[in-house]
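Below you'll find the structure, written out as structure tokens, and then a few comments.
In UniProt numbering, the protein residues as written are 1 to 287.
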């Protein structure tokens, strides 16, 4: 027994000194079970264990987005040199990921930590292995065409340089700002009253409403218009399920109408755009 104690102590010293360390040779991940509560990543991990007579007890796994832990997992199958991991993302954490990702300009750091756990009998030895990947999207990069109102072949009103910008974002909602330049080319004043909008992501209505503008433009006047529209972030977990099941792809549809009126008539100006964005979380789980 004394000899075993000496050997275990020697092994522990060897491991903690970094002389002999376990390693990861390869990781291949794919989506497993995806439901309303969680999204499962299944990862096949090839292990390099320099001390095969000391079996792996477990392999812990963690996924972070900008330092926020969004997933945790453990081994569900352990062989001599291969481990299968079940890494579960709680869908409610997608709201935290969304907020952080947008606040970082749609360019996030995704860090994967894999921790082999070796049973040394007297204690468990953990050796964390970390790798980082960039997660980049361009959800707000959609472009809009200039919109012009003509009466009798004459351009009366124009809404140009239309953009969608990020406003305030938190776990409850995402503020998007529709901006553009309004031009009154008519010989009379024009009133811009409101914007009516809807935003869909993979067929889910993420935002819908009416926002007041109440702007009056005199003949020949131009003015910058900025009006907020909103996404309901409480629907993000529902959207996330469709995103994952669709191969980490999302189609965004923005439909809006800006209402202008002059000489007793009201004209709705249609602003519509569709775009797609993708993520690559499953394929980024690699060493």
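Every residue, glycine too, gets a C-beta built ideally from N, C-alpha and C.
Check, Outcome
"Within a Cβ cutoff of 6 Å, which residues of the same chain sit near residue 226, ignoring the five residues on either side of it in sequence?", "177, 179"
"Which one of 92, 250, 192 has the shortest CA to CA distance from residue 263?", "192"
"Which value, in whole angstroms, describes the spacing of the CA atoms of residue 228 and residue 164?", "9 Å"
"What is the rounded straight-line gap between the Cα of residue 99 and the Cα of residue 151?", "44 Å"
"If we call anything under 8 Å between Cβ atoms a contact, is residue 186 one with residue 213?", "no"
"In three-state DSSP terms, what is residue 102?", "helix"
"Does the separation of the CB atoms of residue 59 and residue 114 fall below 8 Å?", "yes"
"To the nearest angstrom, how far is the alpha carbon of residue 110 from that of residue 182?", "41 Å"
"Using a Cβ-Cβ cut-off of 8 Å (strictly less than) and excluding sequence neighbours within five positions of residue 61, which residues of its own chain qualify?", "43, 71, 72, 73, 74, 85, 87, 112, 113, 114, 115"
"On the three-pair Cβ rule with 8 Å, is the segment 209–223 touching the segment 264–271?", "no"
"What number of angstroms, rounded off, separates the C-alpha of residue 101 from the C-alpha of residue 108?", "6 Å"
"So what does residue 157 bridge to, in DSSP terms?", "149, 184"
"Excluding the 5 residues preceding and the 5 following residue 33 in the sequence, name in chain order all residues of the same chain whose CB lies nearer than 7 Å to its CB.", "40"
"Rounded to a whole number of angstroms, what is the C-alpha to C-alpha distance between residue 295 and residue 162?", "Since the first and last residues shown for the chain are 1 and 287, residue 295 lies out of range."
"So residue 46 and residue 77 are supposed to be a Cβ contact under 8 Å. How far apart are they, rounded?", "At roughly 13 Å, the Cβ-Cβ gap does not stay under 8 Å, so residue 46 and residue 77 are not in contact."
"Residue 146 and residue 126: beta carbons closer than 8 Å?", "no"
"On a Cα-Cα basis, can you pick out the residue from 243, 246, 148, 230 that is closest to residue 173?", "230"
"What number of angstroms, rounded off, separates the C-alpha of residue 24 from the C-alpha of residue 56?", "13 Å"
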